[in-house]
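Chemist: Questions regarding the structure given below will be posed in turn.
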Amino acid sequence: MTQPHLFIVDDDRSFRGYLETLLKSMGYRVTSACSGEEALGALEDGLVPDLILLDIIMEGMGGMETLKRIRQTRSEVPVIMLTGVDQTQTIVEAMRLGASDYLVKPFEPEEIEITLKNVLEKASLVEEIRRLRSLLDREECLDAVFSSPKMLAVDEMIRQVAETDVTVLVEGESGVGKEVVARRIHALSPRAKGQFVKVNCAALPQDLLESELFGYERGAFTGATRSKPGKFELAAGGTIFLDEIAEMTLSTQAKLLQVLQDGEYAPLGGKENLRTDARVVVATNQDLEEMVSRQTFREDLYYRLNVIRILVPPLRERKEEIPALCEHFLKKFSRQFNRKAPRLPEAVLKTFLRYDWPGNIRELENMIKRYVVLRDERGICSELGAREPPAPAEIELDFSNLLEDGKPVALKEIDRKVAAMAEAALISYVLQQTGGNKRKAAEILRISYKALLYKIKECGLDG
Numbered sequence: 005m006t007q008p009h010l011f012i013v014d015d016d017r018s019f020r021g022y023l024e025t026l027l028k029s030m031g032y033r034v035t036s037a038c039s040g041e042e043a044l045g046a047l048e049d050g051l052v053p054d055l056i057l058l059d060i061i062m063e064g065m066g067g068m069e070t071l072k073r074i075r076q077t078r079s080e081v082p083v084i085m086l087t088g089v090d091q092t093q094t095i096v097e098a099m100r101l102g103a104s105d106y107l108v109k110p111f112e113p114e115e116i117e118i119t120l121k122n123v124l125e126k127a128s129l130v131e132e133i134r135r136l137r138s139l140l141d142r143e144e145c146l147d148a149v150f151s152s153p154k155m156l157a158v159d160e161m162i163r164q165v166a167e168t169d170v171t172v173l174v175e176g177e178s179g180v181g182k183e184v185v186a187r188r189i190h191a192l193s194p195r196a197k198g199q200f201v202k203v204n205c206a207a208l209p210q211d212l213l214e215s216e217l218f219g220y221e222r223g224a225f226t227g228a229t230r231s232k233p234g235k236f237e238l239a240a241g242g243t244i245f246l247d248e249i250a251e252m253t254l255s256t257q258a259k260l261l262q263v264l265q266d267g268e269y270a271p272l273g274g275k276e277n278l279r280t281d282a283r284v285v286v287a288t289n290q291d292l293e294e295m296v297s298r299q300t301f302r303e304d305l306y307y308r309l310n311v312i313r314i315l316v317p318p319l320r321e322r323k324e325e326i327p328a329l330c331e332h333f334l335k336k337f338s339r340q341f342n343r344k345a346p347r348l349p350e351a352v353l354k355t356f357l358r359y360d361w362p363g364n365i366r367e368l369e370n371m372i373k374r375y376v377v378l379r380d381e382r383g384i385c386s387e388l389g390a391r392e393p394p395a396p397a398e399i400e401l402d403f404s405n406l407l408e409d410g411k412p413v414a415l416k417e418i419d420r421k422v423a424a425m426a427e428a429a430l431i432s433y434v435l436q437q438t439g440g441n442k443r444k445a446a447e448i449l450r451i452s453y454k455a456l457l458y459k460i461k462e463c464g465l466d467g
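Going by this note's numbering, the sequence shown opens with residue 5, and the numbers climb by one from there.
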């Protein structure tokens, strides 16, 4: 069993050295920092300790301010405050800010050993409760999501691929549950006890995505004062889930291709390649094949990813799941907001079943959250009715220039040209209805904003 990782933050060099030696002799893994600023930097760079020992009085940023900032980003990590004097008021304030316990220097080895044991046991119990609640939420969600014939077919494929380490490409519109599928693949695999590490490729600036995935060595760039492990390293023995894979730059795609081909990658500034055995699951809401044709996605990477494809259908094609999903989200948010779970009025459910949900499960989840908080039945029904896309106008097609110079034209060529005409007419119509709002038009047409911009240019509607 891996020993707990303790993080000492103290500006007294001699005491810090003594405490580090003492804790290592007790079998703990130990990292230390000499200031609040250095500690926050280490946590921001990815350090994940099981417990922090934080001195109250330090030069520069004091322990109380450091504690406040730690609590903003790492609320789950227990913190034991260290003080040279028994200041009741300061200690009470530290406990109010979220400290788990305190020790007054100097202390006996037995005293810190008992305190560490108690705090770590309590933190472990809290984490287990959180894990069980999360597992309950996830199981309830899985029961709801995998209740339609289409999703039962998806689940059957998941069970088949989970037993292997093959790379999986999960496709589907935004909000359909691609992450749920990825987590289920992990949970049913031999890697279930390993880490499931998610990376949203669209949420990070592309110049930072590479360092986030592969890590970096100290001095790799300005501000890299220490080495940082990448997500591939953290996912060792588990699964790494790369969401929105289409947002990767071509250069990052090249490094990912190397990982898939050779199981190796080079951290930024590193002199040697590192090996990884993380299983890779990727997801996208875009047409990668079309991106390959436009040379915005690497063809060799596409064929590496396109081994096992799982297409998650949109919610409008599996509306029979809506009642079960509503029940799940009602329970979830009632627990979260400490409220009695309400019954969903029949009028709201009927509205939900009529609506096409362009935002899919995520949109439904947010609507249920709103209902649990506000109970605004009329407002929800009215708003969803207003969101319904306008019916497209009759499309008039001109076939006159399909036959050039009286030459025969293959039927499939006519089909292709007519489809292009229809697409251009529909895009033009929806743009008119939205007053030229391209993001709203993309939502109504159920394509990505980038795809719409490309089609507008392709159809000559950008003039």
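Glycine is no exception: its CB is placed at the ideal position from the N, C-alpha and C atoms. These numbers were taken from a predicted model, which means no experiment stands behind them.
Please classify Thr35: does DSSP put it in a helix, a strand, or coil?
Modeler: strand
Chemist: In chain order, which beta strand (DSSP E) runs of at least 3 residues are fully inside the region 217-254?
Modeler: 243-247
Chemist: According to DSSP, Asp105 sits in a beta bridge with which residue or residues?
Modeler: Ile84
Chemist: Can you say whether Thr77 is buried or exposed, counting buried as having 16 or more other CB atoms within 10 angstroms of its CB?
Modeler: exposed
Chemist: Can you say whether Ser18 is buried or exposed, counting buried as having 16 or more other CB atoms within 10 angstroms of its CB?
Modeler: Classification of Ser18: exposed, given that the 10 Å Cβ count is below 16.
Chemist: Let me check one thing: in DSSP terms, what residues is Arg283 bridge-paired to?
Modeler: Thr243
Chemist: Do Leu208 and Glu221 have their beta-carbon atoms positioned less than 7 Å apart in this structure?
Modeler: no
Chemist: Report yes if the C-beta distance between Val296 and Tyr306 is below 7 Å; otherwise report no.
Modeler: yes
Chemist: Hey, could you find the ends of the beta strand (DSSP E) Phe150 is sitting in?
Modeler: Bounds of any beta strand (DSSP E) do not take in Phe150, whose DSSP letter is neither H nor E.
Chemist: Three or more C-beta pairs closer than 8 Å, one from the region 87-98 and one from the region 114-127: is that the case here?
Modeler: no
Chemist: Closest by CA to Leu58, which one among Asp49, Leu44, Gly50, Glu48?
Modeler: Leu44
Chemist: Could you please give the first and the last residue of the uninterrupted alpha helix (DSSP H) stretch that includes Asn364?
Modeler: 364-378 is the extent of the alpha helix (DSSP H) around Asn364.
Chemist: Do Val285 and Ala186 have their CB atoms nearer than 7 Å?
Modeler: yes
Chemist: Rounded to whole angstroms, how far is the Cβ of Asn364 from the Cβ of Glu177, which I believe are closer than 8 Å?
Modeler: 6 Å
Chemist: In terms of residues, what are the limits of the beta strand (DSSP E) holding Glu175?
Modeler: 172-175
Chemist: Going by CA-CA distance only, name the one from Gly40, Ser338, Pro8 that's closest to Pro346.
Modeler: Ser338
Chemist: Going by DSSP, what residues sit across from Val296 in a beta bridge?
Modeler: DSSP lists no partner for Val296.
Chemist: Relative to the C-alpha of Glu462, which residue among Glu131, Arg230, Ile431, Lys259 is closest?
Modeler: Looking at the Cα atoms, Ile431 is the closest of the given residues.
Chemist: Going by DSSP, what residue range makes up the alpha helix (DSSP H) through Ile2?
Modeler: A query on residue 2 cannot be resolved here, the shown segment of the chain reaching from 5 to 467 and no further.
Chemist: Evaluate the contact criterion for the region 195-210 versus the region 26-45: three or more CB pairs, one atom per stretch, below 8 Å.
Modeler: no
Chemist: For a quick check, are the C-beta atoms of Leu435 and Arg313 less than 7 Å apart?
Modeler: no
Chemist: If you reduce the DSSP assignment to three classes, tell me which class Leu348 lands in.
Modeler: coil
Chemist: Would you identify the three-state DSSP class for Ala112, choosing helix, strand or coil?
Modeler: The residue asked about is misnamed: residue 112 is Glu in this sequence, not Ala. If DSSP states are grouped into helix, strand and coil, Glu112 belongs with coil.
Chemist: How should Met252 be labelled, buried or exposed, when 16 other C-beta atoms within 10 angstroms of its C-beta is the threshold for buried?
Modeler: So Met252 counts as buried.
Chemist: So does the region 159-167 actually touch the region 350-359, counting three or more Cβ pairs closer than 8 Å?
Modeler: no
Chemist: Which same chain residues, not among the five before or five after Ile116, have their C-beta less than 7 Å away from its C-beta?
Modeler: Hits under 7 Å: Leu107.
Chemist: Kindly give me the distance between the Cβ atoms of Val149 and Gly181, rounded to whole angstroms, as I take these residues to be in contact under 8 Å.
Modeler: 5 Å
Chemist: If I follow the unbroken beta strand (DSSP E) through Leu10, where does it start and stop?
Modeler: 9-13
Chemist: Between the alpha carbons of Leu278 and Phe218, how many angstroms are there, rounded?
Modeler: When only Cα atoms are considered, Leu278 and Phe218 end up about 9 Å apart.
Chemist: Looking at Thr171: is its Cβ nearer than 7 Å to the Cβ of Glu214?
Modeler: no
Chemist: Compare the beta carbon distance of Ser151 and Glu325 with 7 Å and say whether it is the shorter of the two.
Modeler: A contact, by the Cβ cut-off of 7 Å.
Chemist: Going along the chain, which residues of its own chain have a beta-carbon closer than 7 Å to the beta-carbon of Tyr32, five neighbours each way excluded?
Modeler: Gln7, Pro8, Leu10
Chemist: Taking 6 Å as the limit between beta carbons, can you name the residues of its chain near Glu276, skipping five residues before and five after?
Modeler: none
Chemist: Applying the criterion that 16 or more other CB atoms from any shown protein chain within 10 Å of the CB defines a buried residue, is Lys109 buried or exposed?
Modeler: exposed
Chemist: For a test of the three-state rule: what should DSSP assign to Asn122, helix, strand or coil?
Modeler: helix
Chemist: From which residue to which residue does the alpha helix (DSSP H) around Asp304 run?
Modeler: 303-309
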